[in-house]
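So the sequence lines, in the order shown, correspond to chains A and B.
First residue of the first sequence? That's 1 in the numbering used here, and the numbers climb one at a time after it.
First residue of the second sequence? That's 1001 in the numbering used here, and the numbers climb one at a time after it.
Below is one structure; the comments refer to it alone.
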Amino acid sequence: MIAETERGRIAISPDAITQIVGSAAAESYGVVALAGRGRLSRLLPWGIKKGVDVDLRADGLAIELRVVVEHGLKLAEVAETVGSRVRYELERMVGLPIASLEVHIERVRSH
Amino acid sequence: MELELVRHLARSASQNLEAHRRRIDDLNVYPVPDGDTGTNLVLTLRSIVEALDASTATDSEAVAKDVTRAALMGARGNSGVIFSQIVRGFVEVLGEHEGISSALLSRAFRGASDTAYRAVKRPVEGTMLTVIREMAEESEKKVHRRVAPDDLLRAVLAAGEDAVARTPELLDVLRNAGVVDAGGAGLVEIARGMVHGATGEELPEAPVEAEALGFDAIHQELSEYRYCTVFVIEGESLDKDELEAELEKIGDSLLVVGDATALKVHVHTDDPGHALMLGTAVGVVEGVEIANMHHQTAQREERLLEGGTPSALSTLETGLVAVCPGRGNRRLFESLGATRVIEGGQSMNPSAKDIVDAVEAVPTDDVLVLPNNSNVILTAEQAASMSGKKVRVIPSKSVQAGFAAMGRFVPTESVDENERAMLEELEAAATGEITVASRDASLDGVDIREGAYLGLVDDVAVVSGSDLEVVLDEVVDRVLAGGQGFLTILTGEDAPPLDGLVASLEERHPDLEVEIHEGGQPHYPLLLVAQ
Chain A
1 MIAETERGRI AISPDAITQI VGSAAAESYG VVALAGRGRL SRLLPWGIKK GVDVDLRADG
61 LAIELRVVVE HGLKLAEVAE TVGSRVRYEL ERMVGLPIAS LEVHIERVRS H
Chain B
1001 MELELVRHLA RSASQNLEAH RRRIDDLNVY PVPDGDTGTN LVLTLRSIVE ALDASTATDS
1061 EAVAKDVTRA ALMGARGNSG VIFSQIVRGF VEVLGEHEGI SSALLSRAFR GASDTAYRAV
1121 KRPVEGTMLT VIREMAEESE KKVHRRVAPD DLLRAVLAAG EDAVARTPEL LDVLRNAGVV
1181 DAGGAGLVEI ARGMVHGATG EELPEAPVEA EALGFDAIHQ ELSEYRYCTV FVIEGESLDK
1241 DELEAELEKI GDSLLVVGDA TALKVHVHTD DPGHALMLGT AVGVVEGVEI ANMHHQTAQR
1301 EERLLEGGTP SALSTLETGL VAVCPGRGNR RLFESLGATR VIEGGQSMNP SAKDIVDAVE
1361 AVPTDDVLVL PNNSNVILTA EQAASMSGKK VRVIPSKSVQ AGFAAMGRFV PTESVDENER
1421 AMLEELEAAA TGEITVASRD ASLDGVDIRE GAYLGLVDDV AVVSGSDLEV VLDEVVDRVL
1481 AGGQGFLTIL TGEDAPPLDG LVASLEERHP DLEVEIHEGG QPHYPLLLVA Q
């Protein structure tokens, strides 16, 4: 992905963006895991990438996040926090416009 | 755990938190600096208070359930969600028994911490989480094992305060912004409210929330009184309201901030002795500063009235009037040949008439004016058109820019020649300034926290932070970008000591020549110009 900035063109790999998004999501309060997306990936060990899907469109980054949230939390607030935190970190570190950002709560973890 | 007691504790916590809401909002830089942590916590706590008011629970377990549910439903924002988990873990343990003991409280703190940590994949230290964990660890210490619940709570509260103070050591964003964690600070205020509710002690008076009106702003107010008086009172149970009422009788521009143990007082009065006496009557007075506000104005008038002595100055072609703030700057401009200096600048713009009067008092027919502030340039131009003399305005936007231009001023040369040389110098000079932010803001893409140093280069914010050296280095690097070899620093009236900073500057720029003068200007600890 090529970002046009005041200081010139900067190439940012999709992996790097995925990692930033995954990291920001994993540090968001309420998120106990990032979800796997398919049956196959569920068999793989947990990793940061799996709950994150990043796509660069003409109007900016399109991001889909799938997270597992702790039981007994207000889901709307958790989703809001994840969203604003990811947005903030991306804007701070990458500076690319965000076309869309979806936070899916895949599961609620209970004990 | 009785409903009545829990109601009382929740109200006490809520009351104390509300008193600190704005301060906590202002601290908020993590996870997203949107300044709502205090507000979110207040709203979360309020919903708990309301749910308890409506509750009809008759046993401990039912009370716990109601509180947990209210915290969950009412949770607002990130800090509210974390707090709801802390509450849940805490009351789940307390709900097991009807009574409350130190051992049970300790287990409750542990439950609060564990529950809070369980709900995040990668806990970030230096946040509310760290604070509740350290409070739990304190409660488990052997020394507290046989103490009364009240004493345990006090010890836990102290540990929480300590943990909050250390949050910047754990989280870089906090250290960079020069703040402690907002959520952690909120948690401690909630705990303080509860502890004081439980022990029946009165809450310490909350520090006055920083209003838009700071000391800097109030300095700019005009006053009919003569002395600007500032001092700090240290004591034990200082009564802010009472002191304010007394001071109000003797002056204006009054500002009293602080808490029961320390108050900072600012007042304009004709009787500073009386103001100090009010201070010494209730505590120990320190850091006294008394400035005669009429002195500088009077000095200026004297100079203007004196007029010139034309015979001694007959060889002079060109006179020069400069506007600048600070005694040191006045001396600098005078020593560089300014014929008249008008006190003024950012906080005190002179009128066109002030400038015309000064121009008329200069013993030459041709006069240059250095406005030294972007807000004064227009006034100076207006004055130029009002005066009968040939007046040229050298549009210096800052004191340091004017200072650079001043280096080329030769009174025995023609006004045209001087104007040309000074404009050339102005063009080539790069200016910077370092001030202290009076409130949180975002300027030119720089996030600024109240009280942090803010560095500007050619009027554009470029860097902000709590570390002066970092800010200074960045500003110096930028003003030297054009390869200039000479740097002048004008120190303000509240400039910090520079010894180490200048040494490291010279180390970083071995070919640079640095000159430092005491400018004495207000509001700007450092003004810089590179030539």
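Glycine is no exception: its CB is placed at the ideal position from the N, C-alpha and C atoms.
Quantities reported herein were computed from a predicted structural model and do not represent experimental measurements.
Contact between V1049/B and A1010/B holds: their C-beta atoms lie close to 5 angstroms from each other, under 8 angstroms. Residue contact with chain A for L1072/B: present (Cβ-Cβ distance below 9 angstroms to some residue of chain A).
With contact defined as three or more Cβ pairs closer than 8 angstroms, the stretch 1350 to 1369 of chain B and the stretch 1386 to 1398 of chain B are in contact. The beta carbon of P1395/B lies closer than 6 angstroms to those of I1377 in the same chain, with the five residues before and after it left out. With respect to the C-alpha of R1023/B, the residue from L1041/B, G1483/B, A1352/B having the closest C-alpha is L1041/B.
Taken atom to atom, the span from the alpha-carbon of L1443/B to that of A1461/B is near 6 angstroms. Counting along the chain, the unbroken alpha helix (DSSP H) around S1060/B starts and ends at 1060 to 1074.
For secondary structure counted as the beta strand (DSSP E) over 3 or more consecutive residues, the stretch 1171 to 1199 of chain B holds no complete run. G1095/B is outside the set of residues whose beta carbon lies under 9 angstroms from a beta carbon in chain A. Take V32/A, set aside five residues on each side of it, and the residues of its chain with a beta-carbon closer than 6 angstroms to its own are V68, E70, R109, in chain order.
Judged by DSSP secondary structure, F1409/B falls outside any beta strand (DSSP E); it is assigned neither H nor E. Per DSSP, I10/A lies in no alpha helix (DSSP H) segment; the continuous beta strand (DSSP E) that holds it begins and ends at 8 to 11. L1501/B sits in a helix when the DSSP states are folded into three classes. Annotation: the continuous alpha helix (DSSP H) that includes E91/A extends over 75 to 93. Beta bridge pairing from DSSP links V1323/B with I1342/B. Taking 9 angstroms as the Cβ-Cβ cut-off, the stretch 76 to 95 of chain A approaches chain B at E77, V78, E80, T81, S84, R85, R87, Y88, E89, given in chain order. Residue contact with chain A for T1037/B: absent (no Cβ-Cβ distance below 9 angstroms to any residue of chain A). Rounded to the nearest angstrom, the gap between the Cα atoms of F1109/B and R1226/B is 56 angstroms. The beta carbon of I17/A sits closer than 6 angstroms to the beta carbons of V54 from its chain, once the five residues preceding and following it are set aside; these are given in chain order. The three-state secondary structure of T1044/B, taken from DSSP, is helix. With a cutoff of 9 angstroms on beta-carbon distance, H1274/B and D1252/B are scored as not near each other. Residue pairing by DSSP places V1529/B opposite T1431/B, T1488/B in a beta bridge.
Assignment of G1328/B by DSSP, reduced to helix, strand and coil, places it in the helix class. The beta carbon of N1375/B lies closer than 7 angstroms to those of N1349 in the same chain, with the five residues before and after it left out. Look at the stretch 1011 to 1027 of chain B: it has no residue with a C-beta under 7 angstroms from a C-beta of chain A.
Cβ neighbours of D1114/B within its own chain (closer than 7 angstroms, five residues either side excluded): G1089. In the DSSP assignment, E106/A falls within the unbroken beta strand (DSSP E) covering 98 to 109.
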